[in-house]
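Enquirer:
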Amino acid sequence: MVYFDEHVEQKKTGGAKAPPGQSRITLRANKNVRRLLRLLELEPVPGVRNLHPAYCSLLIKFDAIGMRHQELEAILRKYLERLEEVRLPEPRRVEIPVCYGGEFGPDLAEVSARRGITQARAIELHSSVEYLVYFLGFVPGFAYLGELPEELVIPRLAAPRKRVPAGSVGIAGNQTGVYPFATPGGWRLLGCTPFKMFRADSDGLSLLSIGDRVRFTPISRERFATLESA
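Here is the structure:
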């Protein structure tokens, strides 16, 4: 990998990791990640195989046989100089219905107690924020959303669950997200959505994309059942 920040460090793995701006998670750093991603998508570099954005870095996998890392480094430095001219598309606004608590949110009571708030207040806080999709990872369709209100910030579970149901809405640290599939996971579960977060038979595949803005809307169990069967 090649790291771009204050210095460049070479790693012999056929990848380049370019964190434009700061290493700390900030909206500006993530915006620059999306700008660089956009630029590389609009003006592809021959030899670059895959692009993997994260909070404040972009992993660039390339053909290490056909391209020397110094060549890619030189190209990326020129791209980084052009970030301010890159215009990102208007973000999509996505509303995700969530049935909070009970069997859908087995950790809601503990989270509320540990944070010294009522369950109703925890739901109000979680659904009051417009979250940014920083990136997708872990499993297909899993979007890392931030940032949580300070009153809800809490560590992940000490021991992950062996199975988290699909659609579960969890929190960990200052992040929140929705599990698209039944999978092991260590985030604290507040609720569940009837929406399918990943659709293999659709063009978009994932309901959410990097840069989207997301709001969670509380719904009743009855509404959940209606939407789930629709």
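The numbering of the sequence shown is our numbering, which starts it at 100 and goes up by one.
Where a beta carbon is used, it is the ideal one built from N, C-alpha and C, also for glycine.
Roughly how many whole angstroms lie between the Cα atoms of ARG137 and VAL185?
Expert: Straight-line Cα distance between these residues: approximately 8 Å.
Enquirer: Taking CB distances under 8 Å as the criterion, tell me whether GLN218 reaches chain D.
Expert: You won't find chain D in this structure, because it holds only one protein chain.
Enquirer: ALA128 lies in the alpha helix (DSSP H); which residues open and close that run?
Expert: Here the alpha helix (DSSP H) through ALA128 covers 126-141.
Enquirer: Please name the residue or residues paired with HIS151 in a DSSP beta bridge.
Expert: Beta-bridge pairing links HIS151 to LEU158.
Enquirer: Label SER328 either buried or exposed according to how many other C-beta atoms from any shown protein chain fall within 10 Å of its C-beta, with 16 as the threshold for buried.
Expert: Classification for SER328: exposed.
Enquirer: From the DSSP output, read off the bridge partner residues of TYR230.
Expert: Answer is VAL313, bridged to TYR230.
Enquirer: Just confirm the distance between the C-beta atoms of VAL277 and VAL263, as a whole number of angstroms; I'd bet it's less than 8 Å.
Expert: The pair is not a contact, with the Cβ atoms about 10 Å apart (cut-off 8 Å).
Enquirer: Quick one: Cα of LEU296 to Cα of VAL193, how far?
Expert: In the sequence on display, residue 296 carries Met and not Leu. Taking the straight line joining both Cα atoms gives about 12 Å.
Enquirer: Just checking my contact of VAL132 with TYR230 at CB under 8 Å: how many whole Å lie between their CB atoms?
Expert: Actually they are not in contact, since the Cβ atoms of VAL132 and TYR230 sit about 16 Å apart, beyond 8 Å.
Enquirer: Starting from ARG220, follow the alpha helix (DSSP H) in both directions and report where the run begins and ends.
Expert: Taken as a continuous stretch (DSSP letters only), the alpha helix (DSSP H) holding ARG220 covers 218-225.
Enquirer: How is GLU180 classed by DSSP in three states: helix, strand or coil?
Expert: It is coil, neither helix nor strand.
Enquirer: Using C-beta distances below 7 Å, list every residue in its chain close to PRO190, excluding the 5 sequence neighbours before and after it, in chain order.
Expert: Here the set comprises GLY310, ASP311, ARG312.
Enquirer: Please return the same chain residues whose Cβ sits closer than 6 Å to the Cβ of ILE174, not counting the five positions on each side in sequence.
Expert: VAL144, listed in sequence order.
Enquirer: With DSSP as the reference, identify every bridge partner of ILE164, one or two as the case may be.
Expert: For ILE164, which the question treats as bridged, DSSP gives no partner whatsoever.
Enquirer: Taking 8 Å as the threshold (C-beta atoms), are PHE294 and LEU304 in contact?
Expert: No. Outside cutoff.
Enquirer: Quick check on HIS106: buried or exposed, where buried means 16 or more other Cβ atoms within 10 Å of its Cβ?
Expert: Low per-residue confidence applies at HIS106: pLDDT is 34, beneath 50, and the placement is therefore not dependable enough to give any value.
Enquirer: From the DSSP output, in three-state form, read off PHE237 for me.
Expert: PHE237: coil per DSSP, three-state reduction.
Enquirer: How is ARG322 classed by DSSP in three states: helix, strand or coil?
Expert: In the structure shown, ARG322 sits in a helix (DSSP, three-state: H, G or I).
Enquirer: Does ARG214 come out as helix, strand or coil in the three-state DSSP assignment?
Expert: The answer is helix: DSSP assigns ARG214 an H, G or I state.
Enquirer: Taking the beta strand (DSSP E) that LEU289 falls in, what are its first and last residues?
Expert: Residues 287-291.
Enquirer: Along the beta strand (DSSP E) that carries TYR199, what are the first and last residues, could you check?
Expert: Here the beta strand (DSSP E) through TYR199 covers 192-199.
Enquirer: Taking DSSP's pairing of strands, which residues face PHE297 in a bridge?
Expert: The partner list for PHE297 (beta bridge, DSSP) reads SER305.
Enquirer: Return helix, strand or coil for ALA329, following the three-state DSSP convention.
Expert: Correct three-state label for ALA329: coil.
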